[in-house]
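Have a look at the structure below, then the notes.
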Amino acid sequence: MIRVGSGCHKLISAEEAKVTSDVVTGTYLLNSISVYILFDSGASRSFISAKFVHHSSFVLEKLPVPLEVEVADSKSFLAFDIYRNCKLTIEGEDYSVDLIPMVLGEFDVVIGMDWLSSYRANIVCDRKSIQLIAPNGYEVSIQGEKRGGVVLCSLVKAMKYMNHGGQSFLAYVIDNEKVVQKLEDVPIVREFPDVFPDDLPGIPSDRDVEFKIDLIPGAKPIAKAPYRLAPSELQELMTQLQGLLDKGFIRPSISP
Numbered sequence: 016m017i018r019v020g021s022g023c024h025k026l027i028s029a030e031e032a033k034v035t036s037d038v039v040t041g042t043y044l045l046n047s048i049s050v051y052i053l054f055d056s057g058a059s060r061s062f063i064s065a066k067f068v069h070h071s072s073f074v075l076e077k078l079p080v081p082l083e084v085e086v087a088d089s090k091s092f093l094a095f096d097i098y099r100n101c102k103l104t105i106e107g108e109d110y111s112v113d114l115i116p117m118v119l120g121e122f123d124v125v126i127g128m129d130w131l132s133s134y135r136a137n138i139v140c141d142r143k144s145i146q147l148i149a150p151n152g153y154e155v156s157i158q159g160e161k162r163g164g165v166v167l168c169s170l171v172k173a174m175k176y177m178n179h180g181g182q183s184f185l186a187y188v189i190d191n192e193k194v195v196q197k198l199e200d201v202p203i204v205r206e207f208p209d210v211f212p213d214d215l216p217g218i219p220s221d222r223d224v225e226f227k228i229d230l231i232p233g234a235k236p237i238a239k240a241p242y243r244l245a246p247s248e249l250q251e252l253m254t255q256l257q258g259l260l261d262k263g264f265i266r267p268s269i270s271p
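Numbered according to my numbering, the sequence shown spans residues 16 to 271.
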C-alpha cells in the first residue's frame, strides 16, 4: 500500500488491474511519450516511474516541503521531487498533471485523486471507463482495458496449482478442413506421368540379373488349406487374386 497524507494506493499488477472494477488502465501520451497508465481513485497523488527521471522532456523540481509516502508493511520514505505541468494527451485533448517520481511496478504512471478530482472524473465500474470534463468543457470517456477470455499461466504456476490440488485439463484443436496433398500435386510426379501411373500394368520386364533372397535354398511354397470364408468374402478374394494373376504379380501354386 502507498499512503500520501490520508489517501492510499494498492500496488497491483497489470493483469489484476484488468479485473478490478474501480481502476482503469490504458496507454496514452505523456509529453509525447507513450506510457502505460493506471487511473486509480484510491491514490491520493499521481506518480511516475523513476526511470523517467533523466528524460529530457521532464523538468524536475523540488517540493517546497518533503512528502512522506507510506508503502507496504508500514514502511515509508520521503519524496523531495516533482514533475510539474506534464502534458497528458487523451482523445486529442491535453491535460496538465503533476507527477511524483518513485519506483512503480508494471505501470509507468499512476493517476490519483489529485488529478481525477480536478477534472471531475467519474469511474464507471461496470464499464471499466472514466467520464471526465476536458479543458474545453466537453465530456471525454476513457475506456479501460479488460481481461480477455484466455488467461495465460506459466508452467511454474501451473505446477504449483496442481500440487495444491487444482484440476488440470488437456485440450487440443483438430483442423477438420486440412487439405490432404494428392500424388498429382507433387511437381516431379506431374513432370513424369509415365513413370508414376495410376495403376501398375504388371511386373517389371526381365532383367539380365535377377535379384532374390532364398531363405532356404530350393524351398517350395507350402501347401495349406485356405480359411473358411463367407460367400461374399470368397468372391472378393477370388476377384483380387484374379487381378493379381492377370498382372503377373502372383502365380498359381504348383505344390503337391
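Glycine included, every Cβ here is placed at the ideal spot set by N, Cα and C.
Among R222, G159, I218, the one whose alpha carbon lies nearest that of F264: I218
With I203 as the anchor, note down where its alpha helix (DSSP H) starts and where it stops. Its alpha helix (DSSP H) spans residues 202 to 206.
Any idea what DSSP makes of Q196, helix, strand or coil? Of the three classes helix, strand and coil, the one that applies to Q196 here is coil, per DSSP.
According to DSSP, is Y51 part of a helix, a strand, or is it coil? strand
Three Cβ pairs or more, each shorter than 8 Å: is that satisfied between the stretch 66 to 78 and the stretch 143 to 153? Result no; under three Cβ-Cβ pairs closer than 8 Å.
Suppose contacts are defined by Cβ-Cβ distances below 8 Å. Is I5 in contact with L93 by that definition? A query on residue 5 cannot be resolved here, the shown segment of the chain reaching from 16 to 271 and no further.
Examine the Cβ distances between the stretch 118 to 134 and the stretch 170 to 177 and report whether three or more of them are shorter than 8 Å. no
If I follow the unbroken beta strand (DSSP E) through Y110, where does it start and stop? Note, Y110: beta strand (DSSP E), 108 to 117.
Is Q250 helix, strand or coil when you go by DSSP? helix
Can you grab the Cα-Cα spacing for the pair E121 / I189, in whole Å? 37 Å
Which of helix, strand or coil DSSP assigns to L103: Looking at L103 - three-state DSSP - the assignment turns out to be strand.
Could you please give me the residues that DSSP links to D96 through a beta bridge? K77
Could you check where the alpha helix (DSSP H) with Y176 kicks off and where it finishes? 170 to 178
From what residue to what residue does the beta strand (DSSP E) around L215 run? Here L215 belongs to no beta strand (DSSP E), and DSSP marks it neither H nor E.
Need the endpoints of the beta strand (DSSP E) that L230 sits in, please. From DSSP, L230 is part of no beta strand (DSSP E); its letter is neither H nor E.
Can you name the start and end residues of the alpha helix (DSSP H) that L131 belongs to? 128 to 133
S56 to C101, Cα distance in whole Å? 20 Å
Return yes when the C-beta of L244 is under 7 Å from any heavy atom of the ligand COA, and no when it is not. As presented, the structure is devoid of all ligands, the ligand COA included, so that no description of it is given.
Give the DSSP-derived three-state secondary structure of E160 in the structure shown. coil
Taking buried to mean at least 16 other C-beta atoms within 10 Å of its own C-beta, is F67 buried or exposed? Looking at its Cβ environment, which holds 16 or more other Cβ atoms inside 10 Å, F67 is buried.
Going along the chain, which residues of its own chain have a beta-carbon closer than 6 Å to the beta-carbon of R18, five neighbours each way excluded? For R18, the predicted structure reports a pLDDT of 40, less than 50, and the residue's modelled location is therefore unreliable. A value from the coordinates is still provided. Closer than 6 Å at Cβ, skipping near neighbours: E85.
Whole-number beta carbon distance between G159 and K143, since they are thought to touch under 8 Å: 4 Å
For V19, which three-state DSSP category applies? A caution first: V19 carries a pLDDT of 44, below 50, which makes its placement in the model unreliable, though a value can still be read off. Here V19 carries a strand assignment [DSSP, helix/strand/coil].
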